[in-house]
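Q:
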Amino acid sequence: MTITETIDHLPYPATDPRGVFLRAWAVATDVATGVGEGDLGRPSPCPDFDAAAIRGHLLAVGRRVAALGRGEDSFSVEDEITTVDGDDWAAAYREAGDAVTTAWADDGTLERTIVLPWMEGSGAVTLAMYTSEAVVHTWDLAMATGQAPTWDDDVLTVAFVALQMGLPDEGRIEAFEAARANMPPGTEDFAYPFAAAVAVGDDASGIDRLVAWSGRDPHWSA
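Here the sequence shown is numbered in the numbering used here, starting from 7 and rising by one per residue.
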């Protein structure tokens, strides 16, 4: 099934936070499917992560979103996934999308308060935040493997607003340290996940503005 077919058959309206995330996940699935065996060791825009590591981490994002929809601890999901059944990454990504669809089926999940080490908000706000993470890491993987996905402008808008709210232009180090203090035991030792925002022109595309705010260089090359 192509991205277009996947989006056309989503069980939620396009503007619903669940529909927005799943539209982003459809692109992530397509990019992950396009990763070849020879791509795995290639560097990515995400410091210290090669293409294989990004592919595994991005899958973990989808599985964490599903876990949160079920009311589970997102930290119960392995962060660095290195293997999947049958080495079928496309299937693993599709399964994660299906799990998100099922886990968030109750409309009440959008209103439920979710507490994470770096934020507290409704399910809808949390989904928007994870949409931004999914898009940024999909871009990381696409850049690492020479792919050029088509980005949904509405998804990018939701992701950018969420990233701006969750990742201020100033005080990022202080925010990361505050999150570190609230992390579960054994997970506190992490490198700062986002550098300072990169300046872009007023005519920058939506994806360029988003990744630049996350600290990536939109013109990154290996």
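Idealized CB from N, CA, C, for every residue including glycine.
Since the model is a prediction, treat every value here as computed from it, not as a measurement.
Hey, residue 21 and residue 103: beta-carbon distance below 8 angstroms or not?
A: Cβ atoms of residue 21 and residue 103: not closer than 8 angstroms.
Q: Could you check if residue 225 is buried or exposed, using at least 16 other CB atoms within 10 Å of its CB as the buried criterion?
A: Classification for residue 225: exposed.
Q: Residue 166 and residue 222 look like a contact to me (Cβ under 8 angstroms); what is the Cβ gap, rounded to whole Å?
A: About 13 angstroms; that fails the 8 angstroms criterion.
Q: From 96, 48 and 156, pick the residue whose C-alpha is nearest to that of residue 211; which is it?
A: Ranking 96, 48 and 156 by Cα distance to residue 211 puts 156 first.
Q: Whose C-alpha, out of 227, 202 and 162, is nearest the C-alpha of residue 148?
A: It is 227.
Q: Here's the rule I'm using: 16 or more other beta-carbon atoms within 10 Å means buried, otherwise exposed. How should residue 86 be labelled?
A: So residue 86 counts as exposed.
Q: May I ask you to report which of helix, strand or coil DSSP gives residue 117?
A: Residue state, collapsed to three classes: coil.
Q: Ordered along the chain, which non-local residues of its own chain (more than five positions away) have a Cβ less than 7 angstroms from that of residue 24?
A: Taken in chain order, the residues that qualify are 18, 110 and 133.
Q: Less than 6 angstroms between C-beta atoms, sequence neighbours within five positions excluded: which residues of the same chain meet that for residue 39?
A: Once the five neighbours on either side are set aside, the close Cβ partners of residue 39 are 96.
Q: Hey, which unbroken runs of the beta strand (DSSP E) at 3 residues or more fall wholly within the segment 97–172?
A: List check, beta strand (DSSP E) in window: 119–122 and 125–128.
Q: Quick one: residues in its chain with C-beta nearer than 7 angstroms to the C-beta of residue 117, no 5 flanking neighbours on either side, listed in chain order?
A: For residue 117, where only same-chain residues beyond five positions count, the Cβ hits under 7 angstroms are 128 and 129.
Q: Report the start-end ranges of each alpha helix (DSSP H) in the segment 43–103 that is 4 residues or longer and not cut off at the edges.
A: Runs of the alpha helix (DSSP H) inside the segment 43–103: 57–75.
Q: What three-state label does DSSP hand residue 174 in the structure shown?
A: Three-state result, residue 174: coil.
Q: Leaving aside the five residues before and after residue 60 along the sequence, list all residues of the same chain whose C-beta is less than 8 angstroms from its C-beta, in chain order.
A: So the qualifying residues of the chain are 50, 52, 143, 146, 147 and 150.
Q: Alpha carbon to alpha carbon, how far is residue 137 from residue 164? Give it in angstroms, no decimals.
A: If I take the Cα positions, the gap works out to 8 angstroms.
Q: Tell me whether the beta-carbon of residue 153 lies closer than 8 angstroms to the beta-carbon of residue 33.
A: Taking 8 angstroms as the Cβ cut-off, residue 153 and residue 33 do not qualify as a contacting pair.
Q: Do you know offhand how far residue 56's Cα is from residue 105's?
A: Their Cα atoms are separated by approximately 26 angstroms.
Q: Could you have a look at residue 206 and say whether DSSP puts it in helix, strand or coil?
A: Residue state, collapsed to three classes: coil.
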